[in-house]
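Trainee:
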Amino acid sequence: MADADVITALAEILKANADVSVLAGSRIYGGELPEHETASMPRGAIVLQPSGGASMTAGSDSQHDTQRIDLFAYGATPFEAERLRRVARRVLTPVRRVVSANCLVHWIEVAGGFASGRDARTQWPIAFQSFQIFFALQEV
Numbered sequence: 016m017a018d019a020d021v022i023t024a025l026a027e028i029l030k031a032n033a034d035v036s037v038l039a040g041s042r043i044y045g046g047e048l049p050e051h052e053t054a055s056m057p058r059g060a061i062v063l064q065p066s067g068g069a070s071m072t073a074g075s076d077s078q079h080d081t082q083r084i085d086l087f088a089y090g091a092t093p094f095e096a097e098r099l100r101r102v103a104r105r106v107l108t109p110v111r112r113v114v115s116a117n118c119l120v121h122w123i124e125v126a127g128g129f130a131s132g133r134d135a136r137t138q139w140p141i142a143f144q145s146f147q148i149f150f151a152l153q154e155v
């Protein structure tokens with residue numbers, strides 16, 4: 016049995032939402048923006064990155080774990096980046112026991128406040144929020 020990919024699962028949840036699609040299309044990526052995307056920036060896009068955080072099941076034999084994920088929402092303007100972050104939050108936080116990309120996601124919760132501004136390197140408008148995800152470690 017393969018390990019579950021929680022980043023892909025979250026990306027697929029977001030891509031399936033019509034409100035996210037209006038703002039970002041299918042431009043939802045794990046890790047970083049692909050190089051082919053940078054020539055068209057700034058515009059609506061989301062990047063999901065694991066950011067550590069405490070495991071709720073460390074030291075146990077549980078086949079489930081938690082992971083903190085940082086969501087970076089880009090937009091053509093600061094207002095559009097922040098709007099995309101708010102829409103993504105509205106899509107993610109109601110998730111309860113959903114299978115996405117063969118990953119069972121039990122829940123997604125906000126893991127702190129949000130921030131917005133400009134990317135330090137590129138100066139593109141960006142908005143940020145962290146989420147804590149509880150999910151099955153093995154694909155279903």
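For what it's worth, our numbering labels the leading residue of the sequence shown as 16, then goes sequentially. Positions of the beta carbon are idealized from the N, C-alpha and C atoms, including for glycine. Keep in mind the model is a prediction, meaning the values are calculated, not measured.
Give me the Cα-Cα distance between MET71 and GLY45, rounded to the nearest whole angstrom.
Mentor: Near 23 angstroms, if we compare the C-alpha coordinates of GLY45 and MET71.
Trainee: Is it buried or exposed, GLN144, if we count other Cβ atoms within 10 angstroms and call 16 or more buried?
Mentor: The residue is buried, with at least 16 neighbouring Cβ atoms inside 10 Å.
Trainee: TRP79 bridges to which residues according to DSSP?
Mentor: Reading the sequence as shown, one finds His at residue 79 and not Trp. DSSP, once it has assigned bridges, lists ALA151 as partnering HIS79.
Trainee: Excluding sequence positions up to five away, which residues of its chain have a Cβ less than 6 angstroms from the Cβ of LEU25?
Mentor: Excluding sequence neighbours, LEU25 sits near LEU63.
Trainee: Since ILE61 contacts ALA103 with CB under 8 angstroms, what's their CB separation in whole angstroms?
Mentor: With 8 angstroms as the limit, ILE61 and ALA103 qualify as a contact, their Cβ atoms being about 6 angstroms apart.
Trainee: What number of angstroms, rounded off, separates the C-alpha of ALA130 from the C-alpha of ALA142?
Mentor: So the alpha carbons of these two residues sit roughly 6 angstroms apart.
Trainee: For SER36, which of helix, strand or coil comes out of DSSP?
Mentor: SER36: helix per DSSP, three-state reduction.
Trainee: Are the Cβ atoms of ILE43 and LEU107 separated by less than 9 angstroms?
Mentor: No, Cβ-Cβ distance for ILE43 and LEU107 is not below 9 angstroms.
Trainee: Does DSSP put ALA116 in a helix, in a strand, or in coil?
Mentor: If DSSP states are grouped into helix, strand and coil, ALA116 belongs with coil.
Trainee: Beta-carbon within less than 7 angstroms of GLN78's beta-carbon, same chain only, minus the 5 sequence neighbours each way: which residues are those?
Mentor: Answer for GLN78: ALA151, LEU152, GLN153, listed in chain order.
Trainee: For PHE146, which option in PRO140, ARG105, LEU119 has the closest C-alpha, if you only look at C-alpha atoms?
Mentor: When each option's Cα is compared against that of PHE146, the closest is ARG105.
Trainee: Would you kindly work out how many angstroms separate the C-alpha atoms of TRP122 and ASP85, rounded to a whole number?
Mentor: Spanning the two alpha carbons is a distance of roughly 15 angstroms.
Trainee: From CYS118 to ASP20, what does the alpha carbon distance come to, in whole angstroms?
Mentor: Taking the straight line joining both Cα atoms gives about 6 angstroms.
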